[in-house]
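*Asks:* Take a look at this one; I'll ask things after.
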Amino acid sequence: MNINQLIELYAQTPTHFANIFSTTLASKSACPIRNINPKMNYFLFPLKGQAKISIEDIQYAAQSNHILHVGPHTECYITVTSVQPFQYVVLSYEVLGEENVLPHHYSYEVDDVARCTHFITHMLQLAQTPGSYARLQSQTLFMQFLEEFLVSAKRKKMTPKSEVVSFAVAYMHEHYAEDLSIAQLAERVGVERRRFSELFEATIGMNPSQYLMELRIKKAKEQLRTCECSVAEVGENVGYYDCFYFSRVFKKCTGLSPSIYRKEHKDLVIS
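What follows is the structure in structure tokens.
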């Protein structure tokens, strides 16, 4: 599973912080991971030293810039490979709902381990503090950690090719109001159109035409709520110079025509 698919899964899956603790294993020691509720998912976050993690005959490297995820009811065995002790944190969480659709186990390298460590350290401190407010803070920090982990893992996966996509996205945001085509965009970044579309979808999770359309419709919704321009003018302001085509695209994306959308949001329109 690629990182974009994983981000999409977490975006759709309600999660709740459960527990966090730190453990240190002696050099060259080996043992299973203990003291974890078998019903919980958890992240294993290395702090010091190195180890190998064995899960279902698959071995993962455990070192400071790698974060491992383990699903419920999964045996996990640690073998310390470094001369110094191996210190790690277990951050467990619950998936709310009837079905856990998250991958059973995976590991990603992150490009900013310091940011992830910041959230982990704060949660460890809160674990020593009783009370509901500390639990609320821990839940907030858990979500911030999850976001940072996913974003940092995605950045680490970026290549010069994905930098092309980043440029294309920035260009769309600056020029969406123009008569911009995907062929023109591919030519601007110097990549053949079909290959550009493949790179874009692999990096962003949707094709460039869909991304540009959703960007334009988002901008159109903002204008329909906040200005008194005509529907045709709003369409032109976001790159659709045919009013009827703009209305069809808008309704396809939102389920409402531009005029009905504006009417239903008239309380937000600036008079």
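If you use numbering that gives the first Met the number 0, the sequence shown corresponds to residues 0 to 270, in order. For glycine and all other residues, C-beta sits at the position ideal for the given N, C-alpha and C.
1. Taking the beta carbon of residue 199 as the centre, do at least 16 other beta carbons fall within 10 Å, making it buried, or is it exposed?
2. Go to residue 66, then tell me how far its beta strand (DSSP E) extends in each direction, as first and last residue.
3. May I ask which residues mark the beginning and end of the beta strand (DSSP E) holding residue 89?
4. Identify, in the order they occur along the chain, each residue of the same chain with its Cβ nearer than 8 Å to the Cβ of residue 6, setting aside the five sequence neighbours on each side.
5. Looking only at C-alpha atoms, which of 30, 167, 113 and 160 sits nearest to residue 78?
6. CA-CA distance, residue 121 and residue 161?
7. Kindly identify the DSSP beta-bridge partner or partners of residue 218.
8. Would you mind sorting residue 65 into buried or exposed? The rule is 16 or more other CB atoms within 10 Å of its CB.
9. Residue 89 and residue 54 - do their beta-carbons sit closer together than 8 Å?
10. For residue 70, I'd like the list of residues in its chain whose CB is within less than 8 Å of its CB, leaving aside the five on either flank, ordered along the chain.
11. Check residue 108 in the structure and name its three-state DSSP category.
12. When burial is assigned at 16 or more other CB atoms within 10 Å of the CB, is residue 251 buried or exposed?
13. If you follow the alpha helix (DSSP H) that residue 230 is in, where does it begin and where does it stop?
14. Please report the distance separating the alpha-carbon of residue 247 from that of residue 172.
15. State the DSSP-derived secondary structure class of residue 257, mapped to helix, strand or coil.
16. For residue 62, tell me which candidate among 47, 56 and 72 has the shortest Cα-Cα distance.
17. Which same chain residues, not among the five before or five after residue 133, have their C-beta less than 7 Å away from its C-beta?
18. What whole-angstrom Cβ distance do residue 147 and residue 114 have, given they're in contact under 8 Å?
*Replies:* Walking through what the data contain:
1. buried
2. 65-69
3. 85-94
4. 149, 153 and 204
5. 30
6. Roughly 33 Å between the two C-alpha positions.
7. For residue 218, which the question treats as bridged, DSSP gives no partner whatsoever.
8. buried
9. no
10. 40, 99, 101, 102, 103 and 104
11. strand
12. exposed
13. 230-236
14. 22 Å
15. helix
16. 47
17. Within the same chain, 125 come within 7 Å of residue 133 by CB-CB distance, once the 5 residues on both sides are set aside.
18. Correct: roughly 5 Å between the Cβ atoms.
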